[in-house]
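Undergrad:
Residue numbers (this note's numbering): 4 to 248.
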């Protein structure tokens, strides 16, 4: 039986971060063309709910199908300060998008029952901030030109009370969290598929070599459809591997 979800926060006043993904046995995460992908999706969502998180976070590209394509206003109504805007702080759950340049066209401030939150940099235009306010989307600034993940996570804890956060891709976002050392646990629903493709997104696409995580197995459970749910606690980060000359 898998361990009961903990409600504890992560380290240093930030949420406890669980990277929850549904990869193939060779670590690929694009499910197009996989056999029985509907079964994987349904079981993935059941586990998502069972993990008992306050919020989930994904990248801009992954969020696009959920956000919509609402038109932006033609021009800014005036200068807006680069300070966080909280449209709602009492939501049962939050859907969070890392969107440094402000490209998502939110239709509303909610995805089902989850309140929408955008993580931006200060370089986004004023008209985009006005657009988010009009749509009822909360936003937090993660940095001037680049998003600093540890600072963002502390804001999510302090401003929205988020204690437990599901990180759900894509591969580059997962890789960024990996490189920043802010993943506490892995929840992998491994599909009975050997993808074999080259160049498609993988579980962690960090780009530059980062710390190699040492993991401790928490549980492994067979699920319907030959799926395997594996959970690991991040024990520590080993030093980056040395390049061979």
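Think of the CB as a built atom: it goes at the ideal place given N, C-alpha and C, for glycine as much as any other residue.
Roughly how many angstroms separate the alpha carbons of residue 234 and residue 110, rounded to a whole number?
TA: The residue given as residue 234 occupies position 231 in the chain shown. The residue given as residue 110 occupies position 107 in the chain shown. So the two alpha carbons sit approximately 35 Å from each other.
Undergrad: I'd like to check one pair, residue 24 with residue 221: are the Cβ atoms closer than 8 Å?
TA: Walking along the chain shown from the start, residue 221 turns up at place 218. Walking along the chain shown from the start, residue 24 turns up at place 21. Not a contact, by the Cβ cut-off of 8 Å.
Undergrad: Ignore the nearest five residues each way along the sequence and tell me which others in residue 85's own chain have a CB closer than 7 Å to its CB.
TA: Your numbering for residue 85 matches position 82 in the chain shown. 125 and 144, listed in sequence order.
Undergrad: Helix or strand or just coil, what does DSSP make of residue 27?
TA: For the purposes of this step, residue 27 is taken as the residue at position 24 of the chain shown. Three-state result, residue 27: coil.
Undergrad: With which residues is residue 201 paired in a DSSP beta bridge?
TA: As a working note, residue 201 is residue 198 in the chain shown. Partner(s): none; residue 201 has no beta bridge.
Undergrad: For residue 16, name the three-state secondary structure that DSSP assigns.
TA: Your numbering for residue 16 matches position 13 in the chain shown. If DSSP states are grouped into helix, strand and coil, residue 16 belongs with coil.
Undergrad: According to DSSP, simplified to helix, strand and coil, what is residue 1?
TA: Residue numbering for the chain in the displayed model covers 4 to 248; residue 1 lies beyond these limits and cannot be assessed.
Undergrad: Return helix, strand or coil for residue 217, following the three-state DSSP convention.
TA: If you number the chain shown from 1, residue 217 lands on position 214. Three-state result, residue 217: strand.
Undergrad: Assuming residue 101 and residue 71 are in contact, meaning their beta carbons sit under 8 Å apart, how far apart are those beta carbons, in whole angstroms?
TA: Mapped onto the chain shown, residue 101 falls at position 98. Mapped onto the chain shown, residue 71 falls at position 68. With 8 Å as the limit, residue 101 and residue 71 do not qualify as a contact, their Cβ atoms being about 18 Å apart.
Undergrad: Report the three-state DSSP secondary structure of residue 152 (helix, strand or coil).
TA: Taking the chain shown and counting its residues from 1, one reaches residue 152 at position 149. In this structure, residue 152 counts as helix in the three-state DSSP scheme.
Undergrad: Residue 198 and residue 29 look like a contact to me (Cβ under 8 Å); what is the Cβ gap, rounded to whole Å?
TA: Numbered from its first residue, the chain shown carries residue 198 at position 195. Numbered from its first residue, the chain shown carries residue 29 at position 26. Residue 198 to residue 29, Cβ: 5 Å. Contact.
Undergrad: Just the Cα atoms here: how many angstroms apart are residue 119 and residue 186?
TA: Counted from its first residue, the chain shown places residue 119 at position 116. Counted from its first residue, the chain shown places residue 186 at position 183. Residue 119 and residue 186: Cα-Cα distance of roughly 22 Å.
Undergrad: Sort 170, 216, 138 and 208 by Cα distance to residue 236 and report the nearest one.
TA: In the chain shown, residue 236 corresponds to position 233, counting from 1. Among 170, 216, 138 and 208, the Cα nearest to that of residue 236 belongs to 216.
Undergrad: By how many angstroms is the C-alpha of residue 239 removed from the C-alpha of residue 117?
TA: Residue 117 sits at position 114 when you count from the first residue of the chain shown. Residue 239 sits at position 236 when you count from the first residue of the chain shown. Residue 117 and residue 239: Cα-Cα distance of roughly 32 Å.
Undergrad: Out of 35, 27 and 98, which one is the CA nearest neighbour of residue 159?
TA: Taking the chain shown and counting its residues from 1, the one referred to as residue 159 is at position 156. The shortest Cα separation from residue 159 among 35, 27 and 98 belongs to 98.
Undergrad: Between the Cα of residue 65 and the Cα atoms of 170, 184, 136 and 90, which residue gives the shortest distance?
TA: Along the chain shown, read from residue 1 onward, the residue named residue 65 stands at position 62. It is 170 whose Cα lies nearest to the Cα of residue 65.
Undergrad: Quick one: complete alpha helix (DSSP H) runs, 4+ long, within the segment 43 to 124?
TA: Correct list: 63 to 70.
Undergrad: Tell me which residue opens and which closes the beta strand (DSSP E) that residue 167 is part of.
TA: What you label residue 167 is simply residue 164 of the chain shown in a count that begins at 1. Here the beta strand (DSSP E) through residue 167 covers 167 to 170.
Undergrad: Tell me whether residue 179 is buried or exposed, calling it buried when 16 or more other Cβ atoms sit within 10 Å of its Cβ.
TA: The residue given as residue 179 occupies position 176 in the chain shown. Result: buried.
Undergrad: Just the C-alpha distance for residue 161 and residue 67, rounded to the nearest angstrom, thanks.
TA: Here the question's residue 161 lines up with position 158 in the chain shown. Here the question's residue 67 lines up with position 64 in the chain shown. Rounded to whole angstroms, residue 161 to residue 67 spans 27 Å at the Cα level.
Undergrad: Given this structure, state the Cα-to-Cα distance separating residue 196 from residue 105, to the nearest angstrom.
TA: On the chain shown, position 193 is the one that residue 196 refers to. On the chain shown, position 102 is the one that residue 105 refers to. The alpha-carbon atoms of residue 196 and residue 105 are separated by roughly 35 Å.
Undergrad: The alpha helix (DSSP H) spanning residue 135 covers which residue range?
TA: What you label residue 135 is simply residue 132 of the chain shown in a count that begins at 1. 129 to 138 is the extent of the alpha helix (DSSP H) around residue 135.
Undergrad: Look at the alpha carbon of residue 205 and the alpha carbon of residue 94, and state the distance between them as a whole number of angstroms.
TA: To locate residue 205, count along the chain shown from 1; it is residue 202. To locate residue 94, count along the chain shown from 1; it is residue 91. Each residue's Cα considered, the two are about 32 Å apart.
Undergrad: Under three-state DSSP, which class holds residue 207?
TA: By 1-based counting over the chain shown, the position of residue 207 is 204. It is coil, neither helix nor strand.
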